[in-house]
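Accompanying notes for the structure given below.
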Amino acid sequence: MLDLATPNDMRAWSRAERARGGRGGTRQIGFVPTMGFLHEGHLRLVDRAREVVDRVVLSIFVNPLQFGPREDFASYPRNVERDRQLARERGVDCLFVPGQDAMYPTEPLVRVHAGPMADTLEGAARPGHFIGVLTVVAKLLHAVEPDVAVFGRKDFQQAMLVRRMVTDLDFACEIEIAPTVRELDGLALSSRNVYLKGDDRRAALALSRALRAVEQAWRGGEADPRALERRGMEILKAPGVTPEYLTLVDEQIRPVARADAKTVVVVAAKVGSTRLIDNVVLGEGIANDVSVRTTVKD
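This is the structure in structure tokens:
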């Protein structure tokens, strides 16, 4: 596994690899962007990329632009050596770990703002968050020049915004959205789960239980979004949980007038001091997400 640390070196490697030949005459490059502290969810994205490309790049960069002034940038879990070992064991071909000076040699004047689609839900809860996300993803895509980039559906709004940015700005890259990966008890995998201890870990199951309750009500014939949201909130308001939102949207992050198979239920809540998000596509259901016994330890 090759380690690279600058956008120029990353770009040169991708271009050289593509020229060596592979599927369809050129090697295809896949990309999995992360903020590190890898877990099985990240590694399943690597697996998915490997299925469709010849070479897989995984990046680790904790992006300061997407953290607000009272958020956990300084304390966000980091362990690059552990991540390097996990990436190597999973067959990553190139690990791209740029420093902050490499990604932002100067304060970026031009940033990516997706408008109303980015200003609701997570964008409303974390003002400026998606400007930071889309700006860094654009820069990473320019550095890696992948044919396919794989994102997890757990961060649903982020994935939809990245896909829209790639379409609107004509990036020569396909965005693939992979299923959410969950613990056997339903908790969606997240690097922030390391913060959950004891009662908080148990309380965190309220998010997936709320999603299941909405899904079950919909499968039982309820299609009124307000009624479904009320049902989900009944479950989400559990001891130790502070709900932020539970709502039904379409792929453009717009409220729906009537729930159908494509409707996405999105939820956010604080469990103790840890903020968690989750979602489910009603027609697919949580049962179709990937369930794993966690093998990656903190």
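By the count of my numbering, the sequence shown reaches residue 1132 at its end, each step adding exactly one.
From the three backbone atoms N, C-alpha and C, an ideal C-beta is built for every residue, glycine too.
Note that this is a predicted model, so its numbers are computed, not measured.
Three-state secondary structure (DSSP) of residue 1071:
Numbered from its first residue, the sequence shown carries residue 1071 at position 237. Here residue 1071 sits in coil by DSSP.
Counted within 10 angstroms of its Cβ, other Cβ atoms place residue 1031 as buried (16 or more) or exposed:
One-based indexing of the sequence shown puts residue 1031 at position 197. Classified as exposed, residue 1031 has fewer than 16 neighbouring CB atoms from the shown chains inside 10 Å of its CB.
- Message: Applying the 10 Å Cβ sphere with the 16-neighbour rule, what's the burial state of residue 940?
- Response: Looking up residue 940 in the sequence shown gives position 106. In summary, residue 940 is exposed, with fewer than 16 beta-carbon neighbours lying within 10 Å of its beta-carbon over all protein chains present.
Tell me which residues share the same chain as residue 1096 and place their Cβ nearer than 8 Å to its Cβ, disregarding the 5 neighbours each side in the sequence.
In the sequence shown, the residue the question calls residue 1096 occupies position 262. 1084, 1085, 1115, 1116 and 1117, listed in sequence order.
Helix, strand or coil for residue 842 per DSSP? In the sequence shown, counting from the first residue as 1, residue 842 sits at position 8. In this structure, residue 842 counts as helix in the three-state DSSP scheme.
**Prompt:** How would you call residue 1101, buried or exposed, if buried means at least 16 neighbouring beta carbons within 10 angstroms?
**Reply:** If you number the sequence shown from 1, residue 1101 lands on position 267. Under this definition residue 1101 is a buried residue.
Check the C-beta distance from residue 913 over to residue 865 and give it rounded, since I have them as a contact under 8 Å. Looking up residue 913 in the sequence shown gives position 79. Looking up residue 865 in the sequence shown gives position 31. Not quite, the Cβ-Cβ distance comes to about 21 Å (not below 8 Å), so this is no contact.
Review point. Does the beta-carbon distance from residue 1047 to residue 1065 come in below 8 Å?
Key: Counting from one through the sequence shown, the residue named residue 1047 turns up at place 213. Counting from one through the sequence shown, the residue named residue 1065 turns up at place 231. Yes, the pair counts as a contact, with Cβ atoms nearer than the cut-off.
So, at 6 Å on beta carbons, what are the nonlocal neighbours of residue 900 in its own chain, with the 5 sequence-adjacent residues on each side left out? Position 66 of the sequence shown, counting from 1, holds the residue named residue 900. 963, 966 and 967.
* Can the beta-carbon of residue 930 be found less than 8 Å from the beta-carbon of residue 975? -> To locate residue 930, count along the sequence shown from 1; it is residue 96. To locate residue 975, count along the sequence shown from 1; it is residue 141. Taking 8 Å as the cut-off, the beta carbon of residue 930 is found no closer than this to the beta carbon of residue 975.
State yes or no: is the C-beta of residue 835 within less than 8 Å of the C-beta of residue 926? On the sequence shown, residue 835 is found 1 positions in, with the first residue counted as 1. On the sequence shown, residue 926 is found 92 positions in, with the first residue counted as 1. Going by C-beta atoms, residue 835 is nearer than 8 Å to residue 926.
Subject >> Residues near residue 1001 in its chain [Cβ-Cβ closer than 6 Å; skip 5 each side] >> reply: As a first step, residue 1001 is located in the sequence shown; it is residue number 167 there, counting from the start. Once the five neighbours on either side are set aside, residue 1001 has no close Cβ partner at all.
Is DSSP giving residue 1029 helix, strand or coil here? Within the sequence shown, residue 1029 is the residue found at index 195, counting from 1. DSSP, read as helix, strand or coil, puts residue 1029 in helix.
Coil, strand or helix - residue 854 by DSSP: Locating residue 854 in the sequence shown gives position 20, counting from the first residue. In this structure, residue 854 counts as coil in the three-state DSSP scheme.
Going by DSSP in three states, residue 1011 sits in which element: helix, strand or coil?
The residue labelled residue 1011 in the question sits at position 177 within the sequence shown. In the structure shown, residue 1011 sits in a strand (DSSP, three-state: E or B).
| task | May I have a chain-ordered list of the beta strand (DSSP E) segments no shorter than 3 residues that lie completely inside the stretch 924 to 953? | result | You should have 928 to 930.
So, is residue 1055 buried or exposed, given that buried needs 16 or more other C-beta atoms within 10 angstroms? Walking along the sequence shown from the start, residue 1055 turns up at place 221. Answer is exposed; the Cβ neighbour count stays below 16.
May I have the straight-line CA-CA distance separating residue 1106 from residue 860, to the nearest angstrom?
The sequence position of residue 1106 within the sequence shown is 272, counting from 1. The sequence position of residue 860 within the sequence shown is 26, counting from 1. Those two C-alpha atoms are separated by around 50 Å.
Practice task
Compute the distance between the beta-carbons of residue 1026 and residue 1108, then report whether it is under 8 Å.
Solution key: Along the sequence shown, read from residue 1 onward, the residue named residue 1026 stands at position 192. Along the sequence shown, read from residue 1 onward, the residue named residue 1108 stands at position 274. Yes; because the gap between Cβ atoms is below 8 Å, this pair is in contact.
> Using 8 Å as the limit for Cβ to Cβ distance, is residue 872 near chain D?
Replying inline: In summary, chain D is missing from the structure at hand, where a single protein chain is found.
Residue 1123 beta carbon less than 8 Å from that of residue 997: As a position in the sequence shown, residue 997 is number 163, starting the count at 1. As a position in the sequence shown, residue 1123 is number 289, starting the count at 1. Using a Cβ distance threshold of 8 Å, residue 997 and residue 1123 do not count as a contacting pair.
- Determine the extent of the alpha helix (DSSP H) in which residue 958 is found, giving its start and end residues. Here residue 958 refers to the residue found at position 124 of the sequence shown. For residue 958, the enclosing alpha helix (DSSP H) has its first and last residue at 956 to 959.
Practice item. List the DSSP bridge partners of residue 865. Key: Mapped onto the sequence shown, residue 865 falls at position 31. In DSSP, residue 865 forms a bridge with 891 and 983.
query: Between the Cα of residue 945 and the Cα atoms of 956, 957 and 972, which residue gives the shortest distance?
result: Taking the first residue of the sequence shown as position 1, residue 945 is located at position 111. Ranking the options by Cα distance to residue 945, first place goes to 972.
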